[in-house]
Structure formats: structure tokens, C-alpha cells
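These protein sequence lines map, in sequence, to chains A and B. So the first sequence is numbered by the working numbering: it starts at 1 and just counts up by one. So the second sequence is numbered by the working numbering: it starts at 1 and just counts up by one. Report on the following structure.
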Amino acid sequence: MKVAITSTGDNTDAKIDSRFGRCSYFVVYDTESGSTEFIPNPNLESIEGAGPASVQMVASKGVSKVVSGEFGSKVKSIFDQLKIQLIVVNDPSKKISDIIELLNQK
Amino acid sequence: MPVTIREMKIAIASGKGGTGKTMVSANLFYSLQNAGMKVSLVDCDAEEPNAAEFISGSSAGVSLVSQKLPVIDTEKCTFCGKCFEYCNYHAIVFLPPANFIQVVSDLCHDCGACVYACEYDAITEINKELGKVNTMQVNGQCRLIEGRVNVGVYSSVPVVKKAIQSLNCEDIAIYDSPPGISCPFIATVVRADYVVLVTEPTPFGLNDLKLSVATLEQLDKPYGVIVNKAGLGNREVYEWIAQKNIPLLMEIPFDKEIARIYSEGRLLAEVADGYQERFLVLSEKIKQACHE
Ligand code: SF4
Ligand code: SF4
């Protein structure tokens, strides 16, 4: 299973980015292989539409879950229709490695 | 005092709500109207229009504002992706592996490119109502035009534009602008000849004022400042505008009586001595600034 996590940096020591559509990086973590892919958010500079464009981006990576600090209502409704599960982590001090650990416990 | 203003569009704005911009707009409108001018007040604060609480008029028509919205029929769609490529506004979410394609209505700019792009007749357009523009006749030759966006509509810009377009060459138009500095604010002030920024002499007021000024500088619009609730807070706003050479157009004191008049939906210019004259002086200053 693949999971997308919003990240402030391009390595697993970076902290989670609380803004879904305007995060710095998306991390695509594969729970089977343990691999991580860091993708700079191409929509960071968009004036509007960063949310849905980011949904487009992570969904096209084939993820089944997305971890971030917050999701707007528009974004939520598209993810719902795509049957992608959203996990809200309200702790900005969490590192990507912490979240990967949490995902592996489940 | 002779007031001989012809054709002038004034936007009254502030960085946040509640600073008194509607009070200024409504009083300026009232004073000019009372002085025999042909003036219109356009309430562009379409999310929360409230100028009508201060000005009464008789209804002179309502027009609906709508937008065309493309809808994709997933039965006909072959997932060729052409519409997705054509859309410049990220308004189409397109995920062929999930058999998913959808227009995100809040982002759609009604440009029609996707309809043009689709070769499979899978996209049709429906009308989506965004809001309305109410026109009220005030004292014969003056009008209050109110833009009101529907609840849940993402952007009030189309309603603001329609409200402003509903004017037909009144001599003076006053735009009660949306608060903030985002698209609805910009859509309002770009259509004005002069912008009046209403602020409070507090650190928050100064902070918002700086943001508004930065935006207006980019747009290259002439502007000046009214300090409302003068006497409250500190001198920082005054020092900053003096240093920036921004004209201080007027001060309205922080006063219980003024607050009471406002909360009762009445106008200073109507009930408080000297205020009609003060608002006419304000309009003179703006006129001069416009002609500089
Ligand atoms: S009408 Fe224009 S903005 Fe709207 S979805 Fe189609 S291409 Fe995108
Ligand atoms: S262009 Fe038409 S057929 Fe192609 S993906 Fe868009 S809606 Fe479907």
C-alpha cells in the first residue's frame, strides 16, 4: 500500500507539513517495500487551485491514504469520492520518520 | 461650499471588516445626495452587504448572476484527457486509473476551453447561480446597488463585477469594498479612480493598512486614509502615513455617541452636527486628488 505524507523537507528527518495543498514536498511511502519518494509540490506557487491539483498529483501516484495536518472541504470531498483515506496529524513537530513508524505499527 | 464633481468613482476599503468603511460609504453617499448630486452607492462587500441597513430605498429590480459550469458525463467520456490539458485553472481532476473525472466548480473560470476540447460530446454546460444584484432607488435620482453572493459560492468576484457594471454613468459612484486584499477587493478597487482606506489607530489597524497600501501601490491607484476611532490606540498610524506621504483625509473620533448612532443604523451626516459638511469636504479632497 502506498501512503502520501505532506512534508516540509526532502528527507525523513523533515517535519510534517500541516498544509495539504501548499506543502513543500509530498512523500510517497510504500509500506510493502519500505521505499520513499520525495516529490516537490508543483502547486506551491499557484494562486488558487493548489488543493485539487495536489489531489490530482497524489492520487495519480496510486496512494490509498494521505497524511497531513489539515484538509480543506473541497479536497476532502474529492478524496472521499476517490475512496482515499485521510489521516489528520495535528502535531507539527512530528517527523516523517515518526509517521512512517506509526504507519508500520498499524 | 460649491461641490462640482463630475464622474468620479471612489472605493472605500479597509484591511478587515468592522473598521467603519460602510459607515464612511453610507455617510458620504448621504451627504452628496443631500447636496443634490447624482450619486450611487455600490455595496461590493457581497459576502456581507450591509449598506442597506443605513440607507432606505425602494426596490428597482433584481438581476441574477450566474456562471456556466461544465459537467462531464462519465458514460460518454473516453478519458482521453484533452479537457484536462486544456484547462488552465486546475479545475478538472482527471484520474484515468480510477475512472475519475470531475470539474471542481469553485475553480472553474467559465472559459469554455474544455467544452471546445472534448471530441466525444461528453461535456455539457449547466447554469450555476452565484448570487444577485439588487438595485434600490433612493430619493429619485440616486441608487443603492447591492451585490449579494449565495452562501457557499467560492468567489464573490463575478457578483462584484456585475454590481459595478449595473451602474450607468451616475456622476459619482461609491464602492463599499470587500474587506481584505484578495481578489474581490482587487476587482473593486481596479474599477475605482480613487481609494479611501479606513483604518483604526491601533497596531492591528496599522498592520492591515500596510498590507492594503502595498496592494494599492502595485495597482498604481491613488489613495488616502481616514482614521476612524481616533483617540483610541497610539500615534503609530499617523507617524507611518506622514512618513510615507499618504494624505490623511479625515478623522472620526472614538466616541460613544457615534458608536450609538451607528449601532442604531443611523447616519452621522443626518443626525450629528457638522458631519454632512465634513463628508462634503472629504469628497472635495478626493476630487482634487483625482485631478492631480
Ligand atoms: S470551463 Fe475552463 S476553467 Fe472551467 S473546467 Fe473548463 S477549461 Fe477549466
Ligand atoms: S475531453 Fe471529453 S472525452 Fe476526453 S477526457 Fe475530457 S470529457 Fe472525457
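Ideal placement from N, C-alpha and C gives every residue a C-beta, glycine not left out. Because the structure is a prediction, the values reported are computed rather than measured.
Below 8 Å between beta carbons: does that hold for V157/B and C118/B? no
Give, in chain order, every residue of the region 86-120 of chain B whose Cβ lies closer than 8 Å to some Cβ of chain A. Y89, H90, A91, V93, F94, L95, P97, A98, F100, Q102, V104, D106, L107
If we count the other Cβ atoms within 10 Å of its Cβ and call it buried at 16 or more, is Q243/B buried or exposed? exposed
Could you name the residues of chain B that Q81/A contacts, counting a contact when the two beta carbons are closer than 8 Å? F100, Q102
Beta-carbon proximity of N125/B to L69/B, cut-off 8 Å: It should be pointed out that residue 125/B corresponds to Glu in this sequence rather than to Asn. In this structure, L69/B lies closer than 8 Å to E125/B by Cβ.
Quick check on M57/A: does DSSP put it in helix, strand or coil? helix
From G81/B to F94/B, what does the alpha carbon distance come to, in whole angstroms? 7 Å
Simplified DSSP assignment, three categories, for E162/B: A quick correction: the sequence has Lys, not Glu, at residue 162/B. In this structure, K162/B counts as helix in the three-state DSSP scheme.
Any heavy atom of ligand 2 closer than 7 Å to the beta-carbon of C183/B? no
Alpha carbon to alpha carbon, how far is P178/B from R148/B? 11 Å
Confirm, please, whether the CB-CB distance from K15/A to K76/A is below 8 Å. no
Within its chain, find whatever has a CB closer than 7 Å to the CB of E264/B; leave out the 5 residues flanking it on each side and keep chain order. none
Indicate the three-state DSSP secondary structure (helix, strand or coil) for E101/A in the structure shown. helix
Tell me, which residues are paired with N41/A by DSSP? Per DSSP, none; premise fails for N41/A.
Name the chain B residues whose beta carbon is nearer than 8 Å to that of K65/A? Those within 8 Å of K65/A in chain B number zero; the least Cβ separation is about 15 Å.
Please list the terminal residues of the continuous beta strand (DSSP E) segment that includes C58/B. Checking the displayed sequence, the identity of residue 58/B turns out to be Ser instead of Cys. S58/B -> beta strand (DSSP E) spans 58-72.
Starting from E277/B, trace the alpha helix (DSSP H) both ways and give me its first and last residue. 275-291
In chain B, what lies closer than 7 Å to Q85/A by C-beta? Under the 7 Å cutoff, chain B gives no residues; its nearest Cβ is about 14 Å from Q85/A.
Does the distance from the CB of E146/B to the CB of A60/B come in under 8 Å? no
Alpha helix (DSSP H) segments (min. 4 residues) lying fully within the region 7-40 of chain B: 21-34
Report the rounded CA-to-CA distance for L197/B versus E53/B, giving the unit in angstroms. 21 Å
Which two residues bound the contiguous beta strand (DSSP E) that contains I123/B? 123-138
Residues surrounding ligand 1 [beta-carbon distance to nearest heavy atom under 6 Å]: P70/B, Y86/B, C87/B, Y89/B, A91/B, I92/B, V103/B, C108/B, H109/B, D110/B, C111/B, G112/B, A113/B, C114/B
Please determine, among E129/B, I241/B, A192/B, the residue with the shortest C-alpha to C-alpha distance to L167/B. A192/B
Helix, strand or coil at F26/A [DSSP, three-state]: strand
Below 8 Å between beta carbons: does that hold for F26/A and T8/A? no
Assign Y175/B to buried or exposed, taking buried as 16 or more other Cβ atoms, counted over all protein chains shown, within 10 Å of its Cβ. buried
Identify whether I296/B lies in helix, strand or coil by the three-state DSSP scheme. This structure cannot settle anything about residue 296/B, because the visible part of chain B is limited to 1 through 292.
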